[in-house]
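Numbering (the UniProt record's numbering), first residue to last: 1 to 501.
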């Protein structure tokens, strides 16, 4: 009996007083040979992350440093989620003006503005699975419009292996919780743990939870830490890179071959004809052949011959194989194949629009749930609190009205159109039919309705001040550009009336 003929063990159960075999009702839940060893490990949401996160982060960093596809995926992710910045529209113009001043000075490192920090945080979340922002409180004498700055730090500052339980306190994966499961502190390394200059001086510092912004994408209930966005495709990325390197090396090797001269026994080297190409070895002075040169002429000994290995070649299927692999990478990274590769071969308006619509649904969900809710909202609330308590923004009865003041509209950059004429025409028809409010159409273009109306009002006032009549102003012109007054004049002209007599 061979291993191939051994039947799998059957589970038995009593039914009607008889033992009957039990088969899995779901094929995915069976224990047959087809499913043996496939995803049988049962674990909670945090144990696999605690074990694997440092390695996943290291491999993700390396892939983005060295792999063009990984780098392109990150850039597409950040540019579509953040772009030029997701900007708040405060209801109070005084608050808005103070915010606009602080935007330029909010970075604790003194490099980016607030919207640059958004992009930095989104990139860190894509690359390492999470981004950390630490509030840095400043003195009023530091000259800032609001004495607060934000320091963006990498996820490695929060050690996933640091878990403790003592005195009613629980630390899990570097995060401290109280008795009812609320986050009370983040135990952060003072310096980046992988910077050699500071590793010997490193200590963990408990930072109050209300002074830390922790942004990550939670995919399972109870999950405490995020994983890199490339996690599901990181092995495939490395294997694609190795395959491309091997293919390139094969082609480079093919360019090395020149000619091999094998002489018959008793041949006189002086009888050799004129040389063609580079003489790598001289006739009669043959050294052991250890490397090839492009276009070289290599002489062999009488009893020597060259035999080359012939490994299997993917051949003409290489391009299709690579495209199939990159489709999987794009799907796993959450972007489209065209965004990942820049390959627009065979794309038409309908296909690329369908792909972009699906991607934009995902991007809009991440903008709302990740960038705005976890990052922007927390920072804006802390900024307003510090602005009021420091005296930079005097507001009476602030704490009673705080929720109303924090009712902010966050406006993302508008999406570019595949075909602007078709998109605008469709929006125009929806608005005129009453199927879409103007506020929604304005928001899709990166405006709040109040801001858009104010701009239109200012533009109309400027045109009237300068005596301009533009066909974009429906108060003066019809849809076809004709002036209303001219049309009214034609309608009232008796010469244009039909003679009924």
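Cβ atoms here follow ideal geometry from the backbone N, Cα and C, with glycine treated the same way.
Going along the chain, which residues of its own chain have a beta-carbon closer than 6 Å to the beta-carbon of residue i, five neighbours each way excluded?
| i | result |
| --- | --- |
| residue 57 | 128 |
| residue 125 | 131 and 215 |
| residue 115 | 85 |
Quick check on this structure: which residue in the options has the alpha carbon closest to the alpha carbon of residue i?
| i | options | result |
| --- | --- | --- |
| residue 185 | 70, 158, 202 and 196 | 158 |
| residue 232 | 155, 255, 37 and 325 | 325 |
| residue 371 | 451, 213 and 66 | 213 |
| residue 55 | 161, 66 and 34 | 161 |
| residue 392 | 143, 193, 317 and 345 | 143 |
| residue 318 | 347, 244, 400 and 342 | 244 |
| residue 356 | 331, 436, 153 and 27 | 331 |
| residue 410 | 327, 89, 48 and 146 | 89 |
| residue 402 | 457, 95, 147 and 463 | 95 |
| residue 83 | 181, 123, 250 and 98 | 123 |
| residue 218 | 447, 49 and 465 | 49 |
| residue 42 | 210, 69 and 29 | 29 |
| residue 211 | 238, 405, 153 and 220 | 153 |
| residue 72 | 177, 237 and 113 | 237 |
| residue 385 | 34, 99 and 421 | 99 |
| residue 353 | 345, 303, 419 and 35 | 419 |
| residue 323 | 344, 303, 387 and 113 | 344 |
| residue 75 | 316, 342 and 151 | 342 |
Assign residue i to one of two classes, buried (16 or more other C-beta atoms within 10 Å of its C-beta) or exposed (fewer than that).
| i | result |
| --- | --- |
| residue 277 | Only weak support is given to the placement of residue 277: the predicted model assigns it a pLDDT of 46, under 50, and the question is left unresolved by the model. |
| residue 248 | exposed |
| residue 155 | buried |
| residue 349 | exposed |
| residue 165 | exposed |
| residue 468 | exposed |
| residue 397 | exposed |
| residue 445 | exposed |
| residue 77 | buried |
| residue 64 | buried |
| residue 147 | buried |
| residue 251 | exposed |
| residue 69 | buried |
| residue 102 | buried |
| residue 382 | buried |
| residue 145 | buried |
With a Cβ-Cβ cutoff of 8 Å, do residue i and residue j count as a contact?
| i | j | result |
| --- | --- | --- |
| residue 333 | residue 229 | yes |
| residue 347 | residue 340 | no |
| residue 188 | residue 204 | yes |
| residue 59 | residue 234 | yes |
| residue 473 | residue 460 | yes |
| residue 53 | residue 227 | yes |
Quick check on the DSSP output: the beta strand (DSSP E) that includes residue i runs from which residue to which?
| i | result |
| --- | --- |
| residue 409 | 409–411 |
| residue 185 | 183–189 |
| residue 171 | 169–172 |
| residue 150 | 148–153 |
| residue 346 | Run containing residue 346: none; DSSP gives neither H nor E here. |
| residue 459 | Segment 449–465 is the alpha helix (DSSP H) holding residue 459; no beta strand (DSSP E) there. |
| residue 215 | 212–216 |
| residue 136 | 130–137 |
| residue 176 | 175–177 |
| residue 48 | First-last for residue 48: 47–66, but that is the alpha helix (DSSP H), not the beta strand (DSSP E). |
Among residues of its own chain, excluding the 5 on either side of residue i, which ones have a beta-carbon nearer than 8 Å to its beta-carbon?
| i | result |
| --- | --- |
| residue 407 | 91 |
| residue 362 | 334 |
| residue 375 | 118, 121, 131, 133, 213 and 215 |
| residue 172 | 46, 163 and 224 |
| residue 436 | 427 and 430 |
| residue 44 | 222 |
Return the chain-ordered list of same chain residues with a C-beta closer than 7 Å to the C-beta of residue i, the five sequence neighbours on each side being excluded.
| i | result |
| --- | --- |
| residue 175 | 183, 186 and 224 |
| residue 452 | 442 |
| residue 367 | 81, 86 and 412 |
| residue 359 | 335 and 336 |
| residue 149 | 106, 107, 108, 136 and 138 |
| residue 439 | 449 |
| residue 378 | 213 |
| residue 4 | Low confidence applies to residue 4: its pLDDT is 48, below 50, so where it sits in the model is not reliable enough to give any reading. |
| residue 140 | 147 and 390 |
| residue 395 | 388 |
Could you check where the alpha helix (DSSP H) with residue i kicks off and where it finishes?
| i | result |
| --- | --- |
| residue 101 | 93–103 |
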